[in-house]
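What follows is a short report on a single structure.
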Amino acid sequence: MTTPLSATALEQLFHNARSHSHWQQRPVSDETLHQLFDLLKLCPTSANCSPARFVFLKTAAAKEKLRPFLMEGNVDKTMAAPVCVIVAQDMQFYEHLPRLFPHADARSWFEGNDAAIAATAARNSSLQAAYLIMAARALGLDCGPMSGFDNAGVDQAFFADGRFKSNVLINLGYGEAGKLHARSPRFAFDEACQIL
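Anchor point for the sequence shown: position 27 equals 27 in the UniProt record's numbering, and the numbering is continuous, going up by one each time.
Pasting the structure below:
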C-alpha cells in the first residue's frame, strides 16, 4: 500500500464526514451490514483478538428495547436512525485465540487474568467501533456514535448471560446534511502532537 487515497475518498472518509443526528427515511440493507462487517473485520486488533460483537438494531421493537437506557438527548435520533449498532465486547474473547492467532498460545496470556482481559477487550472493541465508522463511511453511510446510555441496563436487556458488555452505540443510515450544525473546532497539530 504505497498509493494515497484520492482527494475524493479523503473527503468522504474525513473532511466531509460528520456525526449525524437527523436521518433520511432510507433503509440500510442487511447486505450493506454484511459488507460493513466484512470490511471492519480486516482491520488490526492485538493478537487478532477481535473482541467486538455487533448487534444491529433495525426493527422498531429492537430499538424500543433499547429506548429506556438512552440518555434523553439520544432517544429521538436513535429511534429515527435506520440502524443502531450496539458495539459490545466479548469478555471471553480469548477462547477464540487458538483459531484467530494460531501461531502462539495467546489464550494463556489472558485466561485467569481479569485485568488483561478487561483492558484488552475495551481497547480493541473501541478500535473496532472506530473501524466500523470508517467502513460505514466508505460504503456511503453516515454515523452517529454515542456514549450517552446506561451500560448496565443495555447489558441486562441484551446480554443477560454477562459474557458481552456494551461499549458504544453507533447510529447508522443516510444523514440529513442540511440539519448539521457547523463543525466544532479541532486541535492544531502543535496542541495535540509531538515529534521526538
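Heads up, the beta-carbon is just placed ideally off N, CA and C, and yes, glycines get one too. Note that the structure is predicted; figures quoted are calculated from it, not measured.
Query raised in the report: Given 8 Å as the limit, is there contact between the stretch 29-44 and the stretch 153-164, that is, 3 or more CB pairs closer than that?
Result: no
Query raised in the report: Excluding the five sequence neighbours on either side, which residues of its own chain have a C-beta within less than 7 Å of the C-beta of residue 27, listed in chain order?
Result: Residue 27 sits at position 27 when you count from the first residue of the sequence shown. These residues qualify, in order along the chain: 82.
Query raised in the report: What number of angstroms, rounded off, separates the C-alpha of residue 176 from the C-alpha of residue 192?
Result: Against the sequence shown, residue 176 aligns to sequence position 176. Against the sequence shown, residue 192 aligns to sequence position 192. Near 31 Å, if we compare the C-alpha coordinates of residue 192 and residue 176.
Requested in this report: Could you tell me which residues DSSP pairs with residue 169 in its beta bridges?
Outcome: What you label residue 169 is simply residue 169 of the sequence shown in a count that begins at 1. For residue 169, which the question treats as bridged, DSSP gives the partners 86 and 146.
Query raised in the report: beta strand (DSSP E) containing residue 57: first to last residue?
Result: Within the sequence shown, the letter at position 57 stands for residue 57. Residue 57 -> beta strand (DSSP E) spans 52-57.
Query raised in the report: Could you give the C-beta distance for residue 169 and residue 85, rounded to a whole number, given that I count them as a contact under 8 Å?
Result: Within the sequence shown, the letter at position 169 stands for residue 169. Within the sequence shown, the letter at position 85 stands for residue 85. The pair is a contact, with the Cβ atoms about 7 Å apart (cut-off 8 Å).
Query raised in the report: Pairing CB atoms from the stretch 58-77 with CB atoms from the stretch 2-19, are three or more of them under 8 Å?
Result: Verdict: no, contact absent.
**Report entry** Beta carbon of residue 56 nearer than 9 Å to that of residue 70
**Finding:** The sequence position of residue 56 within the sequence shown is 56, counting from 1. The sequence position of residue 70 within the sequence shown is 70, counting from 1. Contact: no.
Query - Span separating the alpha-carbon of residue 124 from that of residue 95 - result: Here residue 124 corresponds to residue number 124 of the sequence shown, with the count starting at 1. Here residue 95 corresponds to residue number 95 of the sequence shown, with the count starting at 1. Each residue's Cα considered, the two are about 16 Å apart.
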